[in-house]
Amino acid sequence: MAKQEKCSLIAYLESFDLQPNVENDLLKNALTQLINKQSEQKVLHDLCSGFRDLAIAQNISKDGLALYTQLQKPNFSSDFARSFNLWI
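To convert, count from 1 in the sequence shown and add 217; that's this note's numbering.
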């Protein structure tokens, strides 16, 4: 992953100010992991997993649901490249 992509994800996540403490803690944890150079895929997986658990329990805010939905949208260029590499 390019450094610019990781920085843009950090900036994107920093643009959210989620009110429920649980959601805000998930977001802060993800930002800390990204800043500490953890794998973006793992960080996004863990973040989505946390939001999914909140959604299943129906304890997710409107803003949290909007972020979760946005994170779940496919990134065709990245996803296709990863799947193509599996076949080689």
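By construction, the Cβ of each residue, glycine as well, lies at the ideal position given by its N, Cα and C atoms. Since the model is a prediction, treat every value here as computed from it, not as a measurement.
Comparing alpha-carbon positions, which option in Ala-274, Ala-228, Arg-269 lies nearest Thr-249? Ala-228
Answer yes or no: do Glu-231 and Gly-281 have a C-beta to C-beta separation smaller than 9 angstroms? Not closer than 9 angstroms, so no.
Can you say whether Ala-283 is buried or exposed, counting buried as having 16 or more other CB atoms within 10 angstroms of its CB? exposed
As assigned by DSSP and simplified to three states, the class of Lys-259: helix
DSSP-derived helix/strand/coil call for Leu-235: coil
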